[in-house]
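This report refers to the structure that appears directly beneath it.
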Amino acid sequence: MTDELYVDIIGWIGSILLIAAYLLISQDRIKSQSYTYQLLNVVGSVLLIVNTIYYRAYPSSALNVIWVVIGIVYIAKISQKPQNQQ
């Protein structure tokens, strides 16, 4: 397989993860302050960063970097909550 194909697969997986996060939260199956939601967003965005940098789509890369930072901040906040509030 070529590098381009790997990068495309990585991008598609990232997109699927972000769509899954949006679908699950829209259906009230997960909460925005859950690890699941935040991890889906962080991992999906990291994968899309790989894809968008490869294709030099820097505005999309910047958006996903911000998305990752937001996710990491909220994962840290969730981690700091007492166990019974998670």
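If you're matching positions, the sequence shown starts at 55 in our numbering and goes up one per residue.
A virtual CB, placed ideally from N, CA and C, is assigned to each residue, including glycine.
Bear in mind that the values here come from a model prediction, so they are computed numbers and not experimental data.
A direct Cα-to-Cα measurement between Val104 and Thr90 gives close to 21 angstroms. The C-beta separation of Ile124 from Gln87 comes to about 13 angstroms, leaving the pair out of contact by the 8 angstroms criterion. Each residue's CA atom was taken as its position, placing Gln92 and Arg83 some 14 angstroms apart.
For Ala74, the uninterrupted alpha helix (DSSP H) segment begins and ends at Asp57 to Ser80. Assigned with DSSP and collapsed to three states, Ala111 falls in coil, not helix or strand.
Ranked by Cα distance from Trp66, the options Gln134, Tyr128 and Thr106 are led by Thr106.
DSSP places Lys85 outside both helix and strand once states are collapsed to three, so it counts as coil. Linking Val122 to Gln81 through their CA atoms gives a straight-line distance of about 23 angstroms.
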